[in-house]
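Accompanying notes for the structure given below.
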Amino acid sequence: MSTIPASPEATPGEGFDPHAIQQKWQARWAQDDPFRAGGDDDTRPRKYVLAMFPYPSGDLHMGHAENYLYSDIVARFWRHRGYNVLNPIGWDSFGLPAENAAIKRGVEPRGWTYDNIAQQRSSMQQYGVSFDWSRVLHTSDPEYYRWNQWLFQRLYEKGLAYRKDALVNWDPVDQTVLANEQVLPDGTSERSGAVVEKKKLTQWFFRITEYADRLLDDLNQLEGFWPHKVLQMQRNWIGRSVGADIDFEIEGREDKVTVFSTRPDTLYGATFMVVAPDSDLAAELVSAASPEARMRFQDYLDTVQKTSEIDRQTADRPKTGVFLERYAINPVSGERLPIWAADYVLAGYGHGAVMAVPAHDQRDLDFARAFDLPIRVVVDTTAPVTGVIPVIEVDENGEPILDEPIESIDPAITGKALTGEGRLINSGPFDGLSKRNAIARVVEQLQATGTGRAAKTFRLRDWLISRQRFWGTPIPMIHTSDGRIVPVPDEQLPIELPPVEGLDLKPKGSSPLGAATDWVTTVDPVTGEPALRDPDTMDTFVDSSWYFLRFLSPGDATEAFSSREANRWGPVDFYIGGVEHAILHLLYARFITKALFDMGLVEFTEPFSNLINQGMVILDGAKMSKSKGNLVLFQDELNLYGADALRVALAFAGPVEDDKDWSDVSTTGAQKFLARALRIAQDVSSAPDVVWAEGDSALRRVTHRLWADAPGLIEQTKFNVVVARLMELVNATRKTIDGPAGAGDPAVREAAEAIAMILDLFAPHTAEEMWEILGYEPFVGLVSWRQADATLLVEETVTAVVQIDGKVRGTLSVPARISADELEALARTDEKIVRSLAGREIARVVVRAPKVVSFTTA
Numbered sequence: 091m092s093t094i095p096a097s098p099e100a101t102p103g104e105g106f107d108p109h110a111i112q113q114k115w116q117a118r119w120a121q122d123d124p125f126r127a128g129g130d131d132d133t134r135p136r137k138y139v140l141a142m143f144p145y146p147s148g149d150l151h152m153g154h155a156e157n158y159l160y161s162d163i164v165a166r167f168w169r170h171r172g173y174n175v176l177n178p179i180g181w182d183s184f185g186l187p188a189e190n191a192a193i194k195r196g197v198e199p200r201g202w203t204y205d206n207i208a209q210q211r212s213s214m215q216q217y218g219v220s221f222d223w224s225r226v227l228h229t230s231d232p233e234y235y236r237w238n239q240w241l242f243q244r245l246y247e248k249g250l251a252y253r254k255d256a257l258v259n260w261d262p263v264d265q266t267v268l269a270n271e272q273v274l275p276d277g278t279s280e281r282s283g284a285v286v287e288k289k290k291l292t293q294w295f296f297r298i299t300e301y302a303d304r305l306l307d308d309l310n311q312l313e314g315f316w317p318h319k320v321l322q323m324q325r326n327w328i329g330r331s332v333g334a335d336i337d338f339e340i341e342g343r344e345d346k347v348t349v350f351s352t353r354p355d356t357l358y359g360a361t362f363m364v365v366a367p368d369s370d371l372a373a374e375l376v377s378a379a380s381p382e383a384r385m386r387f388q389d390y391l392d393t394v395q396k397t398s399e400i401d402r403q404t405a406d407r408p409k410t411g412v413f414l415e416r417y418a419i420n421p422v423s424g425e426r427l428p429i430w431a432a433d434y435v436l437a438g439y440g441h442g443a444v445m446a447v448p449a450h451d452q453r454d455l456d457f458a459r460a461f462d463l464p465i466r467v468v469v470d471t472t473a474p475v476t477g478v479i480p481v482i483e484v485d486e487n488g489e490p491i492l493d494e495p496i497e498s499i500d501p502a503i504t505g506k507a508l509t510g511e512g513r514l515i516n517s518g519p520f521d522g523l524s525k526r527n528a529i530a531r532v533v534e535q536l537q538a539t540g541t542g543r544a545a546k547t548f549r550l551r552d553w554l555i556s557r558q559r560f561w562g563t564p565i566p567m568i569h570t571s572d573g574r575i576v577p578v579p580d581e582q583l584p585i586e587l588p589p590v591e592g593l594d595l596k597p598k599g600s601s602p603l604g605a606a607t608d609w610v611t612t613v614d615p616v617t618g619e620p621a622l623r624d625p626d627t628m629d630t631f632v633d634s635s636w637y638f639l640r641f642l643s644p645g646d647a648t649e650a651f652s653s654r655e656a657n658r659w660g661p662v663d664f665y666i667g668g669v670e671h672a673i674l675h676l677l678y679a680r681f682i683t684k685a686l687f688d689m690g691l692v693e694f695t696e697p698f699s700n701l702i703n704q705g706m707v708i709l710d711g712a713k714m715s716k717s718k719g720n721l722v723l724f725q726d727e728l729n730l731y732g733a734d735a736l737r738v739a740l741a742f743a744g745p746v747e748d749d750k751d752w753s754d755v756s757t758t759g760a761q762k763f764l765a766r767a768l769r770i771a772q773d774v775s776s777a778p779d780v781v782w783a784e785g786d787s788a789l790r791r792v793t794h795r796l797w798a799d800a801p802g803l804i805e806q807t808k809f810n811v812v813v814a815r816l817m818e819l820v821n822a823t824r825k826t827i828d829g830p831a832g833a834g835d836p837a838v839r840e841a842a843e844a845i846a847m848i849l850d851l852f853a854p855h856t857a858e859e860m861w862e863i864l865g866y867e868p869f870v871g872l873v874s875w876r877q878a879d880a881t882l883l884v885e886e887t888v889t890a891v892v893q894i895d896g897k898v899r900g901t902l903s904v905p906a907r908i909s910a911d912e913l914e915a916l917a918r919t920d921e922k923i924v925r926s927l928a929g930r931e932i933a934r935v936v937v938r939a940p941k942v943v944s945f946t947t948a
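So the sequence shown is residues 91 to 948, counted in this note's numbering.
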């Protein structure tokens with residue numbers, strides 16, 4: 091990781107007061123509002139730049155400093171390139187942290203939240219971020235969450251919002267449900283850290299699975315524009331599987347049980363069925379079993395409900411289960427299959443039941459071996475799968491004669507399931523078919539007999555949005571006395587939160603709103619009879635799923651957002667934030683965007699065209715944490731060094747996507763660099779109208795190479811490289827000032843102006859000060875960047891390195907446009923190279939004109 095060399099005792103330099111410069115220019119920005127996005131009459135091309143908005147849990151931290159620096163670099167860059175840039179900011183201000191903090195401190199969540207917002211806003215302004223402050227929003231304002239409720243109603247009308255009984259993830263500490271995505275891989279809550287439990291509740295859901303195919307397939311549009319890691323995480327989370335739904339009759343049950351399988355070709359190898367122990371199906375099936383079986387099942391269920399889904403899916407975990415004393419009928423063979431409940435099957439996957447084919451599925455095999463259940467091979471993985479279908483030879487008992495002894499592949503003996511390609515055996519009319527052909531043929535037969543059909547399933551589950559807490563958007567539904575559930579009419583929105591006085595906000599398993607008698611009591615909008623409001627609030631990911639659209643018209647009291655403005659500005663051109671939101675927030679925003687597209691409200695189907703993920707700011711190799719005592723406080727750094735030094739140090743610290751260890755970041759060195767840059771502007775003695783072409787050509791080449799390279803580097807988010815190149819230009823300019831040409835050289839002014847313009851991305855206060863000193867009106871942040879002079883980019887001569895057997899043996903000064911043949915000829919005849927070869931034969935030559943010639947001798 092790069093650092094700016096500086097000693098701890100270094101001072102920024104005489105005449106450089108970063109705090110005074112900072113206060114001066116922040117006052118000017120506040121007065122003139124130069125970063126407000128242009129309106130309808132602005133004919134410039136548009137760019138929408140958006141940083142993920144913060145949660146107001148306290149003052150800004152170093153992760154915020156990094157995030158808003160990067161978004162500001164991008165926004166300032168596109169302004170310099172002549173674009174009308176929208177760069178808004180708001181606060182994701184609902185949610186459990188505020189409520190828990192309020193409970194802990196004995197205060198009201200609203201006051202705690204808005205005090206923190208005021209602090210964060212002040213810090214952002216001190217940091218010099220070029221936000222459009224006319225578009226601020228807070229998701230906890232009724233003016234905002236009214237439109238959350240409006241969005242809920244539109245999804246409800248489309249059948250995309252619904253309520254049902256479900257086995258849900260329950261956080262026993264925060265006493266609320268969690269979406270699947272809010273459960274960490276170790277089975278704990280991302281909120282409280284508690285081990286998540288399973289609980290059956292009636293909850294509200296958004297039918298995100300309706301969009302599963304589109305959410306998966308449309309990721310292809312984002313290839314090359316979103317980080318590959320994020321795309322892969324979303325693909326894995328959606329998790330599409332293709333196969334067949336197969337209907338099994340259950341002895342003593344009228345309705346069939348449908349099982350999803352990606353391997354219908356192995357149907358003849360099914361020797362038992364497994365159902366999720368926490369499913370309704372398991373409870374129903376065991377109800378007809380013996381009292382002993384019911385007792386065994388209940389004891390087993392109690393154990394399973396204390397185990398996380400992650401643990402249940404662990405491959406090397408010993409298999410457990412109980413027999414339900416019921417049998418299913420194989421639809422192709424008529425064989426009776428015993429039905430077991432086992433925790434490696436999840437109620438939420440497929441239909442909560444699987445046909446167990448132990449010879450060809452490792453988990454099924456481990457279970458079969460643990461409980462001494464039959465194992466039947468139905469795919470010969472030793473048989474070729476290309477060419478002519480082989481004739482399967484059988485012995486006098488009708489068993490297939492295999493190319494290898496059965497003992498060498500029999501899973502019952504080896505303990506390893508046969509999961510490879512091969513041809514079917516022991517499968518009646520399908521013997522000899524390859525896996526692919528067999529899948530198609532088996533599905534055809536299932537469809538012909540009405541016992542199955544082609545199908546697909548997803549790992550993705552519907553989005554559970556109910557929360558049993560106070561500080562969130564009330565769900566706008568009414569429960570009538572006769573059992574109906576009806577939406578609150580649009581004209582009655584927003585349904586505002588009641589005053590907190592008299593309410594106990596402590597987690598207790600049900601929403602505090604249910605105890606707000608005056609609030610919860612209402613009337614049926616259809617009949618006028620007494621009714622009750624829904625007491626739950628919405629998951630705060632609903633708030634952030636569409637906020638980028640509200641920024642387009644944040645004060646509009648007539649609609650959630652203007653479709654005209656959405657299509658004028660959207661989708662977001664650059665979205666900047668942490669990779670921790672790779673699944674939750676981004677997936678939900680993509681779903682809502684597609685739903686709004688289907689409603690005709692937007693003309694695009696993806697919310698964010700480009701995604702930039704930054705790494706974390708860590709300290710001594712560890713994540714910063716108050717509990718660990720290793721915090722670097724944003725305000726402390728701001729007070730010590732000023733905003734510009736903090737910004738430059740972070741930008742220079744390394745690639746955007748890498749973690750930055752604060753112990754390697756030199757804010758002191760950044761401050762010293764800025765003082766040197768400002769001094770260059772102060773030293774310039776030529777007039778603004780000086781003819782640059784009359785200046786020092788060597789310095790002009792350095793300046794114009796940076797003009798030529800900077801746009802590409804910024805677009806590739808190589809911000810640290812641009813800072814390094816700025817340092818080179820500052821050094822080259824100082825060298826010219828201190829040389830014979832002096833500060834009056836026209837090239838010095840040209841370089842100083844270039845430094846000010848490009849430095850604006852990283853250190854806007856210092857850049858504005860330089861621009862003013864150089865004799866120009868504010869604001870440098872609105873000045874168009876200059877184009878490089880192509881004639882100054884041509885190198886007249888370059889130094890070519892000549893290697894012999896990997897060692898440098900000489901250099902040549904050659905024309906920049908020399909051909910490979912000419913360069914090789916010069917190297918072969920160079921006196922020093924000839925001596926170094928000493929008559930040895932050259933076996934291989936590699937030429938990279940005009941830089942390298944490499945000889946390898948025999």
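Beta carbons: idealized from backbone N, C-alpha and C, even for Gly. Treat the numbers as computed from the prediction; the structure is a model and nothing was measured.
Which of helix, strand or coil DSSP assigns to residue i
i: residue 246; result: helix
i: residue 427; result: strand
i: residue 376; result: helix
i: residue 871; result: helix
i: residue 619; result: coil
i: residue 553; result: strand
i: residue 194; result: helix
i: residue 636; result: coil
i: residue 905; result: strand
i: residue 445; result: strand
i: residue 497; result: Residue confidence for residue 497 is low, a pLDDT of 49 falling below 50, so the modelled location carries little weight; the figure read from the coordinates is stated next. Three-state DSSP puts residue 497 in a helix.
i: residue 256; result: strand
Strand pairing of residue i, partner residues [DSSP]
i: residue 181; result: 228
i: residue 316; result: 313
i: residue 844; result: DSSP lists no partner for residue 844.
i: residue 138; result: 176
i: residue 32; result: Nothing in the structure corresponds to residue 32, since the chain is present only between 91 and 948.
Residue i, buried or exposed, once every other Cβ within 10 Å from all chains shown has been counted against 16
i: residue 412; result: buried
i: residue 496; result: Low confidence applies here, because residue 496 scores a pLDDT of 48, under 50, leaving its location unreliable; read the following figure in that light. Residue 496 should be labelled exposed.
i: residue 381; result: exposed
i: residue 137; result: buried
i: residue 995; result: Nothing can be reported for residue 995, as the shown portion of the chain is limited to 91 through 948.
i: residue 315; result: exposed
i: residue 949; result: Absent from the model: residue 949. The displayed extent of the chain is 91 to 948, so no value can be given.
i: residue 625; result: buried
i: residue 345; result: exposed
Enclosing beta strand (DSSP E) for residue i [first to last residue]
i: residue 567; result: 567-570
i: residue 542; result: 542-548
i: residue 893; result: 887-894
i: residue 419; result: 411-419
i: residue 290; result: 287-296
i: residue 337; result: 330-340
Boundaries (first-last residue) of the alpha helix (DSSP H) holding residue i
i: residue 854; result: 854-863
i: residue 787; result: 787-805
i: residue 112; result: 108-122
task: Pair every Cβ in the stretch 269-288 with every Cβ in the stretch 299-317, then say whether three or more of these pairs are closer than 8 Å.
output: Three or more Cβ pairs closer than 8 Å define a contact, and the stretch 269-288 falls short of that threshold against the stretch 299-317.
At least three beta-carbon pairs within less than 8 Å, the stretch 820-830 to the stretch 764-776: Verdict: yes, contact present.
message: Contact between the stretch 540-556 and the stretch 215-224 is defined here as three or more beta-carbon pairs at a separation below 8 Å; is this criterion met?
response: In this structure the stretch 540-556 does not touch the stretch 215-224; the number of beta carbon pairs closer than 8 Å is below three.
query: On the three-pair Cβ rule with 8 Å, is the stretch 859-877 touching the stretch 170-179?
result: Enough Cβ pairs lie closer than 8 Å, so yes.
- prompt: Looking at C-beta atoms only, is the number of pairs between the stretch 735-748 and the stretch 807-814 that lie closer than 8 Å three or more?
  reply: By the C-beta criterion, the stretch 735-748 is judged to be in contact with the stretch 807-814, since at least 3 inter-stretch pairs fall below 8 Å.
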